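Data first, discussion second: the structure below is written as structure tokens.
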Amino acid sequence: MELKKELEALKGDYEKKFEEINNLQELQKLKAELLGKKGKITQVLKNLKNVPPEERKEIGKLANQIKQFFEDLIKAKEQSIKDKLLEEELKKSQIDITLPPFWIEAGAPHVVKETLKEITDIFVTMGFSVAEGPEVEREEYNFDMLNIPKDHPARDMQDTFFINKEGYVLRTHTSPVQIRTMLTKKPPIAIVAPGRVYRKDADPTHSPMFHQIEGLFVDENVTFKDLKGILKKFLETVFGENISIRLRPSYFPFTEPSVEVDIGCTVCGGEGCRVCKSTGWLEILGAGMVDPNVFEAVGIDTEKYTGFAFGLGIERIAMLKYRIPDIRLLFTNDLRFNTQFKGI
Ligand code: PHE
1159 MELKKELEAL KGDYEKKFEE INNLQELQKL KAELLGKKGK ITQVLKNLKN VPPEERKEIG
1219 KLANQIKQFF EDLIKAKEQS IKDKLLEEEL KKSQIDITLP PFWIEAGAPH VVKETLKEIT
1279 DIFVTMGFSV AEGPEVEREE YNFDMLNIPK DHPARDMQDT FFINKEGYVL RTHTSPVQIR
1339 TMLTKKPPIA IVAPGRVYRK DADPTHSPMF HQIEGLFVDE NVTFKDLKGI LKKFLETVFG
1399 ENISIRLRPS YFPFTEPSVE VDIGCTVCGG EGCRVCKSTG WLEILGAGMV DPNVFEAVGI
1459 DTEKYTGFAF GLGIERIAML KYRIPDIRLL FTNDLRFNTQ FKGI
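Residue numbers for the sequence shown follow the working numbering, so the first one is 1159 and each next one is one higher.
In structure tokens form, the structure reads like this:
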């Protein structure tokens, strides 16, 4: 009965050892010592054949009981160690609600988009509808059909962004939308076309990408008076009833006669300053009566119809209205700048 005593001692011994353990590696090690291939209890069970037959049954039973006892103990121990580890992990990653939060800055509608919308709305209120065209435009619509001949300076490589697709350019103005509209619609036509345009230009007042809005009105008996009346109403809505307006004869290939429209300087009130280059006037837009060559290119009867067109730069209007000194401020995406115009 030596073996029986030995087994009982083993049990007492290892029970104590297991009690002291508090990590999984040690548990694994102790388990191997006892129940592994060469473990102490495994060994006893292996050697049962050497035990005298009359004791074999009792010893075998006891060894198996002890084996079962430790298997259960190890399982329970393993679970309790894992629980403890998890608890510690959770304690470590607990959210510290006393920490100040990251500041998520709210943006604001951009002043250029807001100005574009404001201007579009003024014309929509007058009865114009909104038309659109692509920014990658056919050279034919951007130039030829607008009566801009092949050797015109506006086609110079310096102004136009050519792309590697024969016959296409980044549109240099919104005027090709006039062509697109007249090719698909019969008069009466009254549209405005807001959108992005591109020119090889970059300085404090010019950006290689900027926004324009184009206007086109075609019907029977449209006269220069109509153009003047619409523009006056528009400028008074944007800059106030008291704004002074001046029309200067000018030249655009697609309008005849053509004018440039100035307003009294919004900065100095006409006295002369840096913004108006001491002239007291600010150039605001280009306009004129649609040139008969343009009507012919799109197949509109020049005997029956007349029309006017105008085009203006949105950034320029925004800069004058809100006294923004450098056009680049509009494109730097600095929230400190952008949010100034919130709710304006
Ligand atoms: N397209 C001209 C420009 O970009 C503006 C304009 C439009 C002038 C319509 C007259 C008529 O400068």
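Positions of the beta carbon are idealized from the N, C-alpha and C atoms, including for glycine. Computed from a prediction, not measured in an experiment: that's the story for all the values here.
* Asked: What's the call for residue 1352, buried or exposed, on a 16-neighbour Cβ count within 10 Å?
  -> When all chains shown are included, residue 1352 counts as buried.
* Asked: How is the alpha helix (DSSP H) around residue 1238 delimited, first residue to last?
  -> 1211 to 1250
* Taking 8 Å as the cut-off, does the CB of residue 1263 come closer than this to any heavy atom belonging to the ligand PHE? -> no
* Is it right to say residue 1342 is buried, meaning 16 or more other beta carbons lie within 10 angstroms of its own, or is it exposed? -> exposed
* Asked: Hey, is residue 1464 close to the ligand PHE, as in C-beta under 8 Å from one of its heavy atoms?
  -> Exclusion of residue 1464 from the 8 Å shell around the ligand PHE follows from its C-beta lying no nearer than that to any non-hydrogen atom of the ligand.
* Out of 1310, 1451, 1378, 1442, point me to the one whose CA is closest to residue 1403's CA. => 1442
* Burial state of residue 1440, where buried means 16 or more other Cβ atoms lie within 10 Å -> buried
* For the ligand PHE, is there a heavy atom less than 8 Å away from the beta-carbon of residue 1446? -> In this structure, the ligand PHE has a non-hydrogen atom nearer than 8 Å to the beta-carbon of residue 1446.
* Asked: With 16 other CB atoms within 10 Å as the buried threshold, where does residue 1469 fall?
  -> buried
* To do: Would you tell me roughly how many angstroms separate the C-alpha atoms of residue 1289 and residue 1375, rounded to the nearest one?
  => Cα to Cα, the separation comes out at about 12 Å.
* Reducing DSSP to helix, strand and coil, say where residue 1124 ends up. => Outside the displayed span of the chain (1159 to 1502) sits residue 1124, for which this structure offers no information.
* From what residue to what residue does the beta strand (DSSP E) around residue 1270 run? -> First-last for residue 1270: 1269 to 1283, but that is the alpha helix (DSSP H), not the beta strand (DSSP E).
* **Sequence-distant residues of the same chain with beta carbon closer than 6 Å to residue 1500, five excluded per side** => 1266
* **Assigned secondary structure, residue 1424 (DSSP; H/G/I helix, E/B strand, else coil)** => coil
* **C-alpha distance - residue 1301 paired with residue 1347, whole-angstrom precision** => 21 Å
* To do: Report the option in 1355, 1349, 1494, 1168 whose CA atom is closest to the CA atom of residue 1320.
  => 1355
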